[in-house]
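Chains as they are written, first to last, in the working numbering: chain A, 1 to 142; chain B, 1001 to 1090.
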């Protein structure tokens, strides 16, 4: 029986491309011969102070509802992430943005009840914070 | 700001807190709540510029409190100068 010879050209005479692993065939840009890059963020990004603005309206307490979202600035500085509401000058912080926003939510809830308890003895500055807080947060109806 | 620096701030300015679960600390004067800030929890560095803003201090004044140059009475004077304390007749 005669052996089968695999032609180096296609039936139309085009040369057959050399065999390459599947990963290389996905894209001409993929190279397997490079060392794997570290997955952590470069130092420049770790210390980046670029601020990100977002609207924040989570459930912060079962007794309260946020009726108008807070505009929050999330910023990383010196290894700490802060989530700041400039309108009422309140903030949360943590090692990442989720932690900072969670902390902010808890703080907003506590601020609400604290100012409510002391509403009749607030300085004009804190009274103004209380009024602004009421534009965003309302007690849930029983 | 380190946690021990915040504790110094709390002691020097006679900041009040309700209980250990609280995240807030506040400054009272003549029965009125004047300023408030956030207490330290855990060992993470606190954002000093935001705490400073809440306590109505500038950078030099905050450094003074931490380094023991600014005492409780000085803080009262600082707030008075900024018009943040109630007048005696109010």
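Note that beta-carbon positions come from the ideal geometry of N, C-alpha and C, so glycine has one too.
- request: Rank 1045/B, 1025/B, 1002/B, 1015/B by C-alpha distance to the C-alpha of residue 1076/B and give the top, closest one.
  value: 1015/B
query: For residue 100/A, does the three-state DSSP call read helix, strand or coil?
result: helix
- prompt: Whose CA, out of 1004/B, 1032/B, 1072/B, lies closest to the CA of residue 1084/B?
  reply: 1032/B
Residue span of the alpha helix (DSSP H) that contains residue 1078/B, given as start and end: 1072-1081
query: Cα-Cα, which of 1061/B, 1068/B, 1044/B is closest to residue 1002/B?
result: 1044/B
query: From residue 101/A to residue 82/A, what does the alpha carbon distance come to, in whole angstroms?
result: 8 Å
CB contact below 8 Å: residue 1077/B versus chain A: no
message: For the stretch 79-94 of chain A, list every residue whose C-beta sits within 9 Å of some C-beta in chain B, in sequence order.
response: 79, 80, 82, 84, 89, 90, 91, 92, 93, 94
- prompt: Below 8 Å between beta carbons: does that hold for residue 67/A and residue 136/A?
  reply: yes
task: Would you tell me roughly how many angstroms separate the C-alpha atoms of residue 127/A and residue 1035/B, rounded to the nearest one?
output: 11 Å
task: Could you spell out the range, first to last residue, of the alpha helix (DSSP H) harbouring residue 129/A?
output: 124-136
message: Which residues of the stretch 102-130 of chain A have a Cβ closer than 7 Å to any Cβ of chain B? Give them in chain order.
response: 106, 107, 110, 111, 114, 118, 121, 122, 123, 125, 126
Chain-ordered neighbours of residue 1023/B on chain A, where CB pairs are closer than 7 Å: 106, 107, 110
task: Only counting runs of 3 or more residues, tell me where the beta strand (DSSP E) segments fall wholly within the stretch 1020-1058 of chain B, in order along the chain.
output: 1024-1029, 1032-1038
query: Listing by chain order, which chain D residues have their CB less than 7 Å from the CB of residue 1066/B?
result: As a matter of chain content, chain D is missing from the structure shown, whose protein chains are A and B.
query: Since residue 1084/B meets chain A, which of its residues come closer than 9 Å, beta carbon to beta carbon?
result: 123, 124, 125
- request: Could you name the residues that DSSP lists as bridge partners for residue 85/A?
  value: 90/A
- request: Quick one: using the 10 Å Cβ neighbour count with 16 as the cut-off for buried, is residue 92/A buried or exposed?
  value: buried
query: Which stretch, first to last residue, makes up the beta strand (DSSP E) that contains residue 52/A?
result: 52-56
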